[in-house]
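Notes follow the structure.
In this note's numbering, the protein residues as written are 157 to 626.
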């Protein structure tokens, strides 16, 4: 097996070899190279101890020197160089109490998680594959190195990593490895929320997010996302649905095309689909005909999703974007251009931008019942949306050709009345964008009274969006 090492990686390995040390590219970069993929980063393992590495390279950073890791900097690139090591006991189910440096590559590779990540390579030695990682790549298998119970007891996060790698590569988890993962899944309670979040994100943004079902089968979601298990236990006896809530959710996630979005949008949309119906179990009612209904579930789903995202310590930008999509995913605009303008105003421009994709993913995860009519409605929505965007119709108060300063210059006293007038003017402009001209708006502002505003609001309600009831 021949792997083409990047110039800088080969330089570091060669420099260490010339100084009398063993050195290899190791782990994921070797795995990805064998698979013909471009590695995200290149890790190097060596018999040299950290102080010896630092003597050989001019620019180094002590990124994890207590565990044998030094980062070598070459121009604007960084490479982690780690001494061969043997890990001590894992008392916390995540980190070894101590590490012991060793001169044995075999000992270093024995401590790694999966066979496909326990291969090393150098141009001098070629591929070092002590645990048949290359064979497991060919057989499309995720297999723990050595005893899987030992590997998972050392680091419980490896249980999630097994499913995540399976999802990213579309591999099966080997039987003994799978059994050990199921047996020890409860140990994931020891893992930090941030680590859980990162692995879950990699799983659901992979090309095969349906492997979340594998996590459910292994008891992983019962620990990290028990709300999903509740969805899997909630049937939907309704003509609009063919799956239970959890299965529908998996299909909806898969309907968000991974290649269509940038990284941020993909994360937002995949999580939005994971959470969009998470409130359904709490909202389920059954009528006299035995039909299930889930009225009010978007708000409940949003509230549950907020709790989960706080628990998993998501950043506010991602959390707010996801929660907005979840809250409005079932909104249905009146099939008029003013109706869609109102919906965009309610949802915000970012949520509106992905609204049709979200509803399409949802519809395609439902039954065939009325599907053509639903999709036709979305086609019309797209036509209206494009028309609104092309004309740059005013949608928000900031788009008005008038502001608070203009109103005060016209004699309106500073205070809450300014906001009331601007909201009233926006209501008029959402119905009739041609009114968005400063002179006309000042005239309408002068005519403002609470009674006029109430009458205007009543007249515009015919174009207000409503929630979908299924």
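Glycine residues also receive a C-beta, built at the ideal position from the N, C-alpha and C atoms.
In terms of residue numbering, what span does the beta strand (DSSP E) encompassing residue i cover?
| i | result |
| --- | --- |
| residue 241 | 241-243 |
| residue 276 | 276-278 |
| residue 200 | 199-202 |
| residue 607 | Note, residue 607: premise wrong, no beta strand (DSSP E); alpha helix (DSSP H) at 606-616. |
| residue 417 | Where residue 417 is concerned, there is no enclosing beta strand (DSSP E), given that its DSSP letter is neither H nor E. |
| residue 257 | 255-257 |
| residue 179 | 179-182 |
| residue 301 | It is not in any beta strand (DSSP E) - residue 301 carries neither H nor E in the DSSP assignment. |
Can you list, in chain order, the residues of its chain whose CB lies under 7 Å from that of residue i, leaving out five sequence neighbours each side?
| i | result |
| --- | --- |
| residue 364 | 323, 326 |
| residue 638 | One cannot answer for residue 638 here, as it falls past the ends of the chain, which runs 157 to 626. |
| residue 461 | 431, 434, 478, 479, 482 |
| residue 612 | 580, 583, 584 |
Roughly how many whole angstroms lie between the Cα atoms of residue i and residue j?
| i | j | result |
| --- | --- | --- |
| residue 331 | residue 271 | 14 Å |
| residue 265 | residue 243 | 11 Å |
| residue 562 | residue 593 | 12 Å |
| residue 572 | residue 197 | 55 Å |
| residue 341 | residue 328 | 18 Å |
| residue 403 | residue 388 | 7 Å |
| residue 397 | residue 437 | 15 Å |
| residue 578 | residue 585 | 10 Å |
| residue 219 | residue 427 | 32 Å |
| residue 484 | residue 455 | 9 Å |
| residue 367 | residue 617 | 44 Å |
| residue 383 | residue 295 | 34 Å |
| residue 591 | residue 520 | 39 Å |
| residue 448 | residue 575 | 43 Å |
| residue 464 | residue 475 | 10 Å |
| residue 504 | residue 599 | 28 Å |
| residue 201 | residue 225 | 9 Å |
| residue 469 | residue 354 | 10 Å |
| residue 560 | residue 554 | 10 Å |
Quick one: using the 10 Å Cβ neighbour count with 16 as the cut-off for buried, is residue i buried or exposed?
| i | result |
| --- | --- |
| residue 458 | buried |
| residue 268 | buried |
| residue 273 | buried |
| residue 303 | exposed |
| residue 183 | buried |
| residue 260 | exposed |
| residue 589 | buried |
| residue 362 | buried |
Would you mind reading off the limits of the alpha helix (DSSP H) that contains residue i?
| i | result |
| --- | --- |
| residue 516 | 505-519 |
| residue 289 | 289-295 |
| residue 264 | 261-266 |
| residue 456 | 453-467 |
| residue 385 | 382-388 |
| residue 340 | 331-340 |
| residue 402 | 401-410 |
| residue 595 | 594-602 |
| residue 208 | 206-212 |
Indicate the three-state DSSP secondary structure (helix, strand or coil) for residue i in the structure shown.
| i | result |
| --- | --- |
| residue 568 | coil |
| residue 541 | helix |
| residue 270 | strand |
| residue 490 | coil |
| residue 321 | helix |
| residue 229 | strand |
| residue 348 | coil |
| residue 283 | strand |
| residue 622 | strand |
| residue 218 | strand |
| residue 580 | helix |
Using a threshold of 8 Å, is the CB atom of residue i nearer than that to any non-hydrogen atom of the ligand PLP?
| i | result |
| --- | --- |
| residue 490 | Ligands in the displayed structure: none, and consequently the ligand PLP is not present. |
Whose C-beta lies closer than 6 Å to the C-beta of residue i among residues of the same chain, with five residues either side of it excluded?
| i | result |
| --- | --- |
| residue 631 | The first residue shown for the chain is 157 and the last is 626, placing residue 631 beyond what the model contains. |
| residue 281 | none |
| residue 289 | 271, 272, 274, 275 |
| residue 337 | 315, 318, 374 |
Near residue i, what residues of its chain come up, given a Cβ to Cβ distance below 8 Å and the 5 sequence neighbours on each side ignored?
| i | result |
| --- | --- |
| residue 159 | 181, 186, 189, 190, 277, 283 |
| residue 544 | 493, 496, 497, 500, 551 |
| residue 610 | none |
| residue 233 | 164 |
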